[in-house]
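Taking it in order: structure first as C-alpha cells, then the write-up.
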Ligand code: UDP
C-alpha cells in the first residue's frame, strides 16, 4: 500500500489561487505528499489567465459558472459537481482558503465524506453577516467544519479562541498573500512596467468589486473618485475592471467622460503587483489588496464601512473611508496632504544631512 498522502486544494477565484500557491508549491517538494488542485471554475474568466503566471496547473476542473447566475445557483452547481470530484480524487485531506462559495461547499462535502479539512486564512471576522456579504457567513460556517485552522494574525487566532475552537487546532501561520507579494516584489525588476505610459506619470490604483457595495454605495464611491480626479489633473486614476457587470457597467457609464480615469482589463498577478508597487496610493474594497499593499509600503484607502483586516488600520497602513462621498473625499485629501508633508520633511532631512526614517 502506498504511503503517499493526497492533499486536495479546492479553489475557484483569483485570490484563493494566489494565496494557496506558497503552500501548494511547498507540499510539491515533499515526496510523501501529492498535492492536487481542483479549479471549480467559480470565477473562470478571472482565474484562468493566472495559472500560467503562477506556474500552477489544476488537476481537476469543474464547470460551475453560468452567465448572470445567482449565489444560490452557484452553490447548487458546486453541490452537484464536487461530491463526484471528491470520490474521483479520494484525498486524505482537503485544503481550502478564505471565504468563497467554493470554500464553503468544499468544506461541507469534506465534512460529509469524513475527510479532514484545513482552512487557510482562518478567523477573519467583521461579525456583521451583511458585510462583507456573503463572505462573513461563509467563513463563520467554514470554521465550524474545519479540523485545523491556519490563522494569519494574533487577532484572528483570538477570534477563534472566543468561538471555542480548541487552541491545539489553531496554528499561527502568517498570511500567505504576504509571502506571495514579498516574493513577487523581489522579482519586479525582471518585469517591464505593465503600463508603459504610466512610467513618468503618477497614478492612483483603484479596484472595486464588493457585492454589498453594488448600487447606491458604488455610485457614491465613483462620484467621489470623479470629483477627486478633477481636482488632481496631474494624476491618473487606473481601474482594472472586475468582470461582474453590476460593477463594471456602472464604472464604465459614469467614468466615460473623465480623461484621467483609465479603465483597463484585469491584470496577471505579477503585472498587478508591479502596478501596486509603483502607485501613489490604492483605493479599494478588496480584501487581499489590504494585505498586500502594506508590504509594498503603499497607503490604502478602504472604501468599505468595516474590515476584517483591522491590523492594517491600527498600524496606519489602511484608512477606512466608508462609502459616502464626504468621508471618502476627506480621507483622500488627508492622504494627499500627509504625503506632501512627509515628502517635504524628507527633503529637508536630506538637505540638512539628517537621516530620515520616514517613507512616502
Ligand atoms: N489582482 C490581480 N490582478 C488584478 C486585480 C487584482 O492579480 O487586476 C490580485 C490582487 O493582487 C490580490 C487579489 O487579486 O491578490 C485580490 O482579489 P479580489 O480583490 O478580486 O478579491 P478579494 O481579495 O477581495 O477577495
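In the working numbering, the protein residues as written are 28 to 387. Every residue gets a Cβ at the ideal spot worked out from N, C-alpha and C, and that includes glycine.
So, are the CB atoms of residue i and residue j less than 8 angstroms apart?
{"i": "residue 300", "j": "residue 235", "result": "no"}
{"i": "residue 81", "j": "residue 34", "result": "no"}
{"i": "residue 331", "j": "residue 347", "result": "yes"}
{"i": "residue 145", "j": "residue 116", "result": "no"}
{"i": "residue 237", "j": "residue 312", "result": "yes"}
{"i": "residue 350", "j": "residue 254", "result": "no"}
{"i": "residue 177", "j": "residue 140", "result": "no"}
{"i": "residue 91", "j": "residue 68", "result": "yes"}
{"i": "residue 251", "j": "residue 352", "result": "yes"}
{"i": "residue 45", "j": "residue 207", "result": "yes"}
{"i": "residue 239", "j": "residue 127", "result": "no"}
{"i": "residue 328", "j": "residue 281", "result": "no"}
{"i": "residue 230", "j": "residue 307", "result": "yes"}
{"i": "residue 169", "j": "residue 137", "result": "no"}
{"i": "residue 315", "j": "residue 157", "result": "no"}
{"i": "residue 89", "j": "residue 65", "result": "yes"}
{"i": "residue 132", "j": "residue 106", "result": "yes"}
{"i": "residue 77", "j": "residue 40", "result": "no"}
{"i": "residue 323", "j": "residue 221", "result": "no"}
{"i": "residue 36", "j": "residue 142", "result": "no"}
So is the beta-carbon of residue i under 7 angstroms away from any non-hydrogen atom of the ligand UDP?
{"i": "residue 165", "result": "no"}
{"i": "residue 339", "result": "no"}
{"i": "residue 204", "result": "yes"}
{"i": "residue 315", "result": "yes"}
{"i": "residue 148", "result": "no"}
{"i": "residue 93", "result": "no"}
{"i": "residue 220", "result": "no"}
{"i": "residue 294", "result": "yes"}
{"i": "residue 41", "result": "yes"}
{"i": "residue 319", "result": "yes"}
{"i": "residue 45", "result": "yes"}
{"i": "residue 350", "result": "no"}
{"i": "residue 231", "result": "no"}
{"i": "residue 299", "result": "yes"}
{"i": "residue 129", "result": "no"}
{"i": "residue 244", "result": "no"}
{"i": "residue 334", "result": "no"}
{"i": "residue 52", "result": "no"}
{"i": "residue 170", "result": "no"}
{"i": "residue 56", "result": "no"}
{"i": "residue 61", "result": "no"}
{"i": "residue 153", "result": "no"}
{"i": "residue 234", "result": "yes"}
{"i": "residue 49", "result": "no"}
{"i": "residue 267", "result": "yes"}
Apply the 10 Å Cβ neighbour rule to residue i and answer buried if 16 or more other Cβ atoms are within range, or exposed otherwise.
{"i": "residue 72", "result": "exposed"}
{"i": "residue 383", "result": "Residue confidence is low: residue 383 scores 48 on pLDDT, short of 50, so the model does not pin down where it sits. Its coordinate-derived value is still stated next. Exposed, since its Cβ has fewer than 16 Cβ neighbours within 10 Å."}
{"i": "residue 100", "result": "exposed"}
{"i": "residue 49", "result": "buried"}
{"i": "residue 368", "result": "exposed"}
{"i": "residue 124", "result": "buried"}
{"i": "residue 243", "result": "exposed"}
{"i": "residue 211", "result": "buried"}
{"i": "residue 364", "result": "exposed"}
{"i": "residue 119", "result": "exposed"}
{"i": "residue 386", "result": "Note that residue 386 has pLDDT 46, beneath the 50 cutoff, so the model's placement of it is unreliable and the number below is only indicative. When all chains shown are included, residue 386 counts as exposed."}
{"i": "residue 379", "result": "exposed"}
{"i": "residue 371", "result": "exposed"}
{"i": "residue 194", "result": "exposed"}
{"i": "residue 218", "result": "exposed"}
{"i": "residue 199", "result": "exposed"}
{"i": "residue 256", "result": "buried"}
Does the region 160-178 come into contact with the region 74-90, if we say contact requires no fewer than three beta-carbon pairs (one atom in each stretch) closer than 8 angstroms?
Touching, no.
Only counting runs of 3 or more residues, tell me where the beta strand (DSSP E) segments fall wholly within the region 272-322, in order along the chain.
For the region 272-322, whole beta strand (DSSP E) runs of length 3 or above, ordered along the chain, are 288-291, 308-311.
Three CB pairs or more closer than 8 angstroms across the region 259-271 and the region 223-243:
Between the region 259-271 and the region 223-243 there are three or more inter-stretch CB-CB distances shorter than 8 angstroms, so the stretches are counted as touching.
For the pair the region 316-331 and the region 281-297, tell me if three or more CB-CB distances fall below 8 angstroms.
Verdict: no, contact absent.
How about the region 360-379 and the region 271-291: do they share at least three Cβ pairs that are nearer than 8 angstroms?
Pairwise C-beta distances place the region 360-379 out of contact with the region 271-291, as fewer than three of them are shorter than 8 angstroms.
Complete runs of the alpha helix (DSSP H) confined to the region 35-85 [at least 4 residues]
You should have 41-55, 71-74, 77-80.
Count the CB pairs spanning the region 151-158 and the region 89-97 that are closer than 8 angstroms, and state whether there are at least three.
Flag = no, the region 151-158 and the region 89-97 do not touch.
Which parts of the region 142-228 are runs of the beta strand (DSSP E), unbroken and 3 residues or longer, counting only runs that do not cross its ends?
As far as the region 142-228 is concerned, its whole beta strand (DSSP E) runs of at least 3 residues are 144-147, 175-178, 197-199.
Of all the beta strand (DSSP E) runs that stay within the bounds of the region 316-376, which reach a length of 3 or more residues?
Correct list: 327-329, 345-347.
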